[in-house]
Amino acid sequence: MDLNLLFDTDSYKVSHWLQYPADTTAIGAYLESRGGDCSHTLFFGLQYLLLRYFFQPITSADIQEAAALFQAHGLPFNQAGWQRVCDRYGGYLPLRIRAVPEGSLVPTGNILLTVESTDPELAWLATWVETLLLRVWYPITVATRSWQLRQIIQQALEQSAENPAAEIDFKLHDFGSRGVSSQESAAIGGLAHLVNFQGTDTIAALLAGQRYYDCAIAGFSIPAAEHSTITAWGPSGELDAYRNMLDRFANPGSVVAVVSDSYDLWHAVDQLWGEDLRDRILQSGATVVIRPDSGNPEQIVPELLRRLAAKFGCDRNQKGYQVLRSVRVIQGDGITVDSLPKVLQAVMAAGFSASNVAFGMGGGLLQQVNRDTQRFAYKCSWIERSGQVIPICKRPATDLRKASKAGRLDLIRDREGQYRTVSLLTSEPDPQSCLQTVFENGAIVRRQSLQEIRDRARSETR
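Right, here's the structure in full:
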């Protein structure tokens with residue numbers, strides 16, 4: 001189905017052009033995270049939405065199609081207004097969008113972007129686009145969660161690894177493509193994760209990085225077994241399945257991952273890997289990553305490290321923790337923001353460095369989030385009537401947590417480096433503004449690369 005931007009809104013917005021005061025000449029709105037699981041949000045994904053959707057010009061055919069559908073749907077459609085967009089602006093939206101640079105870590109309760117109309121006859125467009133723009137909650141929330149997980153792993157590496165910077169980017173691998181609702185979700189969420197890490201099995205995220213964030217290859221993977229490629233050999237052929245993995249992929253300097261709990265993880269480690277294939281692994285010059293995929297990871301991972309250490313040996317690093325020779329572990333089952341620090345603490349309590357373990361996440365990373373995870377809202381904060389700007393907001397007595405902000409808003413960073421949302425007295429941005437114009441009347445004013453965004457995210461502290 002061809003993309004028709006006029007359908008990417010909520011039904012009730014179609015009649016809103018008749019509900020604003022007749023003398024309305026401009027409207028301004030903002031987006032914020034009002035709070036949630038994390039006290040900060042890592043801003044990401046707006047550029048994708050703008051390039052993917054706002055660069056598809058509206059045509060007269062789109063308008064005719066929308067007019068027919070909305071009439072049948074029972075709604076009064078502003079056909080003349082949309083034809084003005086088509087005729088006067090070439091089908092592009094007369095809006096100005098200002099946003100914090102992607103990769104910025106902003107405390108909740110602050111605005112992240114503002115939207116304002118630029119045509120006095122089309123002021124209602126600033127709220128029409130809420131439905132589409134508010135979906136930026138998804139990449140922001142995934143990027144924020146991924147950032148949280150990076151901080152947890154970074155802390156463990158700082159405590160127990162000799163060179164945390166060399167390891168951190170590949171410590172959390174995205175397994176989530178199959179667990180999301182669509183390929184587009186996989187692309188957006190998968191790329192949001194890659195702001196913080198470089199390990200992924202979500203191919204759609206790589207394509208999104210190329211097309212929308214000027215990144216040739218945003219993430220990397222390795223040959224890895226799944227249960228079908230092991231069980232296809234049958235229980236009696238488990239050793240042959242593992243040997244085949246080594247024959248195919250274990251070369252000097254290579255890394256290969258093998259799920260090893262298809263039958264009995266401890267037998268696989270103690271006998272098959274630790275005895276029958278031990279010399280083959282050591283001679284290969286490869287690193288073999290053993291993946292358990294069942295059981296309580298807080299218990300399984302330290303025990304697995306102990307058994308691998310008994311078979312392959314360890315070296316004590318400069319921080320006093322043991323590092324396995326030739327083998328590693330990846331835990332991809334049961335990892336959450338809550339369980340990850342517990343697993344890492346159990347690993348270090350057993351005397352092992354966090355260098356020995358990588359992690360994978362699927363649905364918990366890309367799918368088990370919603371707009372309320374960080375309580376995202378898009379609200380109108382001012383209206384211009386007959387040339388006069390009037391601050392507006394909601395103040396529901398039944399739930400003041402849902403109160404909105406009023407006025408022409410801006411985001412600044414004070415001398416202490418703290419973000420603050422301010423209300424402007426003029427139409428000019430604050431001189432200290434952190435918001436940058438990214439879209440104006442159909443043009444992308446500022447385009448950011450994934451590398452810029454990664455660098456900014458690395459430099460942020462809370």
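Numbering-wise (UniProt numbering), the sequence shown opens with residue 1 and increments by one. Just so it is clear, CB atoms sit at the ideal spot from N, CA and C, and this is done for glycine as well. The structure displayed is predicted, hence computed values, not measured ones.
#### Entry: Cβ pair G445, A99 closer than 7 Å
Position check: residue 445 holds Val in this sequence, whereas Gly was assumed. Result no, Cβ atoms of V445 and A99 do not sit closer than 7 Å.
### Message
From the DSSP secondary-structure annotation, give me the bridge partner or partners of E167.
### Response
E167 is not bridged to any residue.
### Query
Which one of G387, S386, W382, Q388 has the shortest CA to CA distance from K394?
W382
### Task
Kindly give me the distance between the Cβ atoms of T336 and G364, rounded to whole angstroms, as I take these residues to be in contact under 8 Å.
5 Å
### Task
Would you give the residue range spanned by the beta strand (DSSP E) that E116 belongs to?
111 to 117
### Range covered by the beta strand (DSSP E) that runs through Q331
327 to 331
#### Entry: Residue environment, F220, which counts as buried when at least 16 other CB atoms sit within 10 Å
exposed
### Message
Only counting the same chain, and skipping five residues up and downstream in sequence, which positions put a Cβ closer than 7 Å to that of L18?
### Response
P76
### Query
Does the pairing of the stretch 109 to 127 with the stretch 9 to 18 give three or more beta-carbon distances under 8 Å?
yes
### Query
What is the rounded straight-line gap between the Cα of D37 and the Cα of R145?
9 Å
### Burial state of L425, where buried means 16 or more other Cβ atoms lie within 10 Å
exposed
### Message
If you measure between the beta carbons of A216 and L206, is that distance less than 7 Å?
### Response
no
### Query
Taking buried to mean at least 16 other C-beta atoms within 10 Å of its own C-beta, is H173 buried or exposed?
buried
### Task
Give every residue of the same chain whose Cβ lies closer than 8 Å to the Cβ of V323, excluding the five residues on either side of it in the sequence, and list them in chain order.
C314, D315, R316, N317, F352, S353, S355, N356
### Task
Determine the extent of the beta strand (DSSP E) in which E440 is found, giving its start and end residues.
436 to 440
### Task
With distances taken Cα to Cα, identify the nearest neighbour of G189 among L49, I392, C434.
L49
### Query
Taking C-alpha atoms, which residue in Q64, E162, K319, N441 lies nearest to F54?
N441
### Message
Between which two residues does the beta strand (DSSP E) holding I412 run?
### Response
408 to 413
### Message
Mapping the DSSP letters down to three states, classify T127 as helix, strand or coil.
### Response
helix
### DSSP-derived helix/strand/coil call for K379
strand
### Query
What separation, rounded to the nearest whole angstrom, lies between the Cα atoms of I152 and N78?
51 Å
### Task
Over the uninterrupted beta strand (DSSP E) stretch that includes L93, give me the two end residues.
Neither: L93 is in no beta strand (DSSP E) and is coded neither H nor E.
### Query
Can you name the start and end residues of the alpha helix (DSSP H) that T231 belongs to?
227 to 231
### Query
Buried or exposed: which applies to N251, given that a residue is buried once 16 or more other Cβ atoms fall within 10 Å of its Cβ?
exposed
#### Entry: Separation of Q71 from M1, as counted between CA atoms
Low per-residue confidence applies at M1: pLDDT is 48, beneath 50, and the placement is therefore not dependable, though the value from the model is reported in the following sentence. About 20 Å.
### Task
Report back the beta-carbon spacing between Y263 and E298 to the nearest angstrom; my notes put them in contact at under 8 Å.
With a Cβ gap of about 23 Å, Y263 and E298 do not count as contacting.
#### Entry: Contact belief for L409 with S423 at Cβ below 8 Å, rounded distance in angstroms
6 Å
### Query
Going by DSSP, what residues sit across from D174 in a beta bridge?
T200, M361
#### Entry: Residue of G199, P164, L157 minimising C-alpha distance to G176
G199
### Task
Look up Y419 in the DSSP assignment and give the residues it is bridged to.
R413
### Task
Identify whether M1 lies in helix, strand or coil by the three-state DSSP scheme.
Annotation note: pLDDT 48 at M1 (below 50); position unreliable, no value reported.
#### Entry: Range covered by the beta strand (DSSP E) that runs through Q388
388 to 391
### Task
For L265, count neighbouring Cβ atoms within 10 angstroms of its own Cβ and tell me buried if that reaches 16, exposed if not.
buried
### Task
Sort S11, G209, L149 by Cα distance to R52 and report the nearest one.
G209
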